[in-house]
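Remarks on the structure that follows.
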Amino acid sequence: MANITLAIPDSLHEKLKSRSEIRWSEVMRQMLQRKIEQLDEVDKILEKSKFTQKDVEIIGRKVIN
1 MANITLAIPD SLHEKLKSRS EIRWSEVMRQ MLQRKIEQLD EVDKILEKSK FTQKDVEIIG
61 RKVIN
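The numbering of the sequence shown is the working numbering, which starts it at 1 and goes up by one.
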């Protein structure tokens with residue numbers, strides 16, 4: 001399995017440490033998996049559409065945010 005390192009604010013890090021009973025790597029793995037599934041679904045829908053590339057970029061920004 002690959003590893004990912006990310007930077008977070010110190011204040012968030014302190015809050016995460018205070019909840020040591022939670023497996024944060026599992027939480028992040030699940031969140032990332034859900035996001036990828038959402039993006040894959042959008043791609044599947046859009047590949048059948050007649051939107052322009054610009055339309056796709058606008059929709060993509062809305063989905064990501």
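Just so it is clear, CB atoms sit at the ideal spot from N, CA and C, and this is done for glycine as well.
Next item on the list: Verify whether the separation of the beta carbon atoms of residue 33 and residue 63 is less than 8 angstroms.
Entry: The sequence position of residue 33 within the sequence shown is 33, counting from 1. The sequence position of residue 63 within the sequence shown is 63, counting from 1. Not a contact, by the Cβ cut-off of 8 angstroms.
Item checked: Residue span of the alpha helix (DSSP H) that contains residue 61, given as start and end -> Indexing the sequence shown from 1 puts residue 61 at position 61. Start and end: 53-64.
Notebook entry, point to check: Looking at the structure shown, is residue 41 part of a helix, part of a strand, or coil, going by DSSP?
Noted result: For the purposes of this step, residue 41 is taken as residue 41 along the sequence shown, with counting starting at 1. Looking at residue 41 - three-state DSSP - the assignment turns out to be helix.
Margin query: I'd like to check one pair, residue 12 with residue 24: are the Cβ atoms closer than 8 angstroms?
Written below: Residue mapping note: residue 24 aligns to position 24 of the sequence shown, counting from 1. Residue mapping note: residue 12 aligns to position 12 of the sequence shown, counting from 1. No, the pair does not count as a contact, with Cβ atoms beyond the cut-off.
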